[in-house]
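Here my numbering is used: the first residue of the sequence shown is 8, the next is one more, and so on.
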Amino acid sequence: MSTPVANVTKKITITDKMKLVNSKSKWLKFQQLYLGPIVAFVVFIALWQLVPILLSMPHYIFPKPTDVIAATIKSWDLLLVAVRVTVMESMIGFFLSAVIGIGVSILLASSKILERSIYPYAIILQTIPVVAVAPIIVIWFGSGFNSIVVISFLIGFFPIISNTLMGLNSVDKNMDELFSLYNASNWQKMWKLRIPAAMPFIMAGLKVSCTLSIVGAIVGEYVAGVGGGKGGLGYAITVSAIQVNTSFLFACGIAAAVLGIGFYLLISLLAKYVLGSWHESAMKVDK
8 MSTPVANVTK
18 KITITDKMKL
28 VNSKSKWLKF
38 QQLYLGPIVA
48 FVVFIALWQL
58 VPILLSMPHY
68 IFPKPTDVIA
78 ATIKSWDLLL
88 VAVRVTVMES
98 MIGFFLSAVI
108 GIGVSILLAS
118 SKILERSIYP
128 YAIILQTIPV
138 VAVAPIIVIW
148 FGSGFNSIVV
158 ISFLIGFFPI
168 ISNTLMGLNS
178 VDKNMDELFS
188 LYNASNWQKM
198 WKLRIPAAMP
208 FIMAGLKVSC
218 TLSIVGAIVG
228 EYVAGVGGGK
238 GGLGYAITVS
248 AIQVNTSFLF
258 ACGIAAAVLG
268 IGFYLLISLL
278 AKYVLGSWHE
288 SAMKVDK
């Protein structure tokens, strides 16, 4: 009669041990991934709060985190509108960069003559400062939303075309010869071999471009204006600087950083979805 009781006790003990092991593994994972960044963030915020107090610095010179939070709460409606406008501008610019950049890269990779003829001009376009071409963009597209989107597109365009073209030209030679052995056409090689092989490079380019698109939208508002419409973060930063509202200036900068992180995480999720089942860069490797 005591045997079933012993078995039940043994099962309970094993279950408790498994729960203990799982909790330890979760804590170890938390320590490895999250504890360091959390501690660094807390130390950074504490130093940021203490330094202006110890140095008796006024808030319009170097605001404390509490000043930034207070300015954010006070001007929340203005900040929210600015964020929405910047998100719209940067999303359209990024979408144009992705579609046109990948399309142009496929076109260039399909012909060495086209690549040698056109790609150098893409490099030249990237080296020209935005401030130098901004007046031309404003003349062509008018001040405001359209010009800002174009500037965002131009800044985010080159990383995509550069990474995509590199990926399309980095196909394994043996696989290319295998496709040739089966009499595959150039477009069959492109769609079934070169584009899938270039996906890690494409995703890397998208990750760079998505953050640059936000920078382009903010810079675009500096050099192209807002055209009488509602301004984004670039406009809010300009007004805050003129008014010496440094606390809200910091709030706008932090909002821009949060937007960049959010865009990057979204593209990272997309890359994980596209590459997670077959490419080492997105697969989980348990050590």
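The beta carbon of each residue, even a glycine, is placed where N, CA and C say it ideally should be.
Integer-rounded CB distance, given that residue j should sit under 8 Å from residue i
i	j	result
residue 175	residue 141	The pair is not a contact, with the Cβ atoms about 32 Å apart (cut-off 8 Å).
residue 103	residue 160	4 Å
residue 231	residue 150	6 Å
residue 221	residue 267	5 Å
residue 158	residue 212	19 Å between Cβ atoms; not a contact.
residue 117	residue 193	6 Å
residue 200	residue 178	6 Å
With 16 other Cβ atoms within 10 Å as the buried cut-off, status of residue i
i	result
residue 293	Unreliable placement is indicated for residue 293, whose pLDDT of 42 sits below 50; no coordinate value is reported for it.
residue 136	exposed
residue 134	exposed
residue 180	exposed
residue 210	buried
residue 273	exposed
residue 99	buried
residue 112	buried
residue 15	Confidence at residue 15 is low in this model, with a pLDDT of 48, below 50, so the placement of that residue should be treated as unreliable; the coordinate-derived value is given next. Classification for residue 15: exposed.
residue 219	buried
residue 188	exposed
residue 256	buried
residue 8	Residue confidence is low: residue 8 scores 48 on pLDDT, short of 50, so the model does not pin down where it sits. No coordinate-derived value is stated.
residue 264	exposed
residue 154	buried
residue 86	buried
Short Cβ contact (9 Å threshold) for residue i with residue j
i	j	result
residue 122	residue 115	yes
residue 79	residue 240	no
residue 258	residue 88	no
residue 270	residue 101	yes
residue 247	residue 77	no
residue 97	residue 223	yes
residue 196	residue 208	no
Rounded C-alpha distance that separates residue i from residue j
i	j	result
residue 162	residue 32	43 Å
residue 202	residue 119	16 Å
residue 281	residue 250	46 Å
residue 245	residue 34	45 Å
residue 65	residue 261	20 Å
residue 351	residue 108	In the structure displayed, the chain extends from 8 to 294; residue 351 sits before or after that span and is not available.
residue 58	residue 72	11 Å
residue 243	residue 144	22 Å
residue 67	residue 166	37 Å
residue 277	residue 69	38 Å
residue 229	residue 128	26 Å
residue 38	residue 53	21 Å
residue 63	residue 156	42 Å
residue 110	residue 171	10 Å
residue 275	residue 183	29 Å
residue 60	residue 46	22 Å
residue 36	residue 279	20 Å
residue 42	residue 90	30 Å
residue 95	residue 283	29 Å
residue 1	residue 126	With the chain covering 8 to 294 only, the question about residue 1 has no answer from this structure.
residue 146	residue 106	25 Å
residue 56	residue 252	18 Å
residue 1	residue 152	Past the boundaries of the shown model lies residue 1; the chain is included only from 8 to 294, so the question cannot be answered.
residue 173	residue 164	14 Å
residue 44	residue 124	47 Å
residue 139	residue 40	43 Å
residue 81	residue 148	35 Å
Distance cut-off 8 Å: residue i Cβ against heavy atoms of the ligand ZN
i	result
residue 86	Here there are no bound small molecules, and the ligand ZN is not part of this structure.
Chain B within 9 Å of residue i, Cβ atoms only
i	result
residue 178	Among the chains of the structure shown, chain B does not appear; only one protein chain is present.
- In chain order, which continuous runs of the alpha helix (DSSP H) of length 4 or greater are located wholly inside the region 218–272? 240–249
- Can you list the alpha helix (DSSP H) stretches of 4 or more residues lying completely in the region 19–88, in chain order? 43–61 and 72–81
- What are the uninterrupted segments assigned as alpha helix (DSSP H) that are 4 or more residues long and contained completely in the region 75–149, given in chain order? 83–116, 119–134 and 137–148
- Task: Can you check the region 174–199 for any alpha helix (DSSP H) of at least 4 residues that lies completely inside it and give the ranges in chain order?
- Result: 180–188 and 193–196
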